[in-house]
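Enquirer: Per the numbering used here, the sequence shown starts with residue 157, numbered consecutively.
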Amino acid sequence: MVHDRTAEELEAKGFYRRASARWGEVMQLVETDKERHQVTMRRLECSRKAQRPPEPPTENYADLRNAVNRTYADMGLSKLAE
């Protein structure tokens, strides 16, 4: 297993982009293909964690209004909904 104190500290702090860059530097220092593969997997994991989450969908207030109107109708308050 390949260890790099700097990259691991960056990961622990949540600085995944910087950790990914550091793992790229470490890749140039390792000697065997097995070590390169381990570093590559670690770097890909950091890159995956560094991605921003998808934006939440925009609110659709028409659906909310329709749900409220259905609830009012179910409660017998449909006259108030209009």
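Note that the Cβ used here is the ideal one computed from N, Cα and C, for glycine as well.
Among T196, N225, E165, K169, whose alpha-carbon lies nearest the alpha-carbon of W179?
Expert: T196
Enquirer: Which residues bound the alpha helix (DSSP H) around E165?
Expert: Segment 161 to 169, the alpha helix (DSSP H) holding E165.
Enquirer: Mind the definition here: the stretch 172 to 189 touches the stretch 201 to 212 only if three or more C-beta pairs lie below 8 Å; say whether that holds.
Expert: yes
Enquirer: Considering only their Cβ atoms, is the gap separating Q184 from M157 smaller than 9 Å?
Expert: No.
Enquirer: What three-state label does DSSP hand G232 in the structure shown?
Expert: coil
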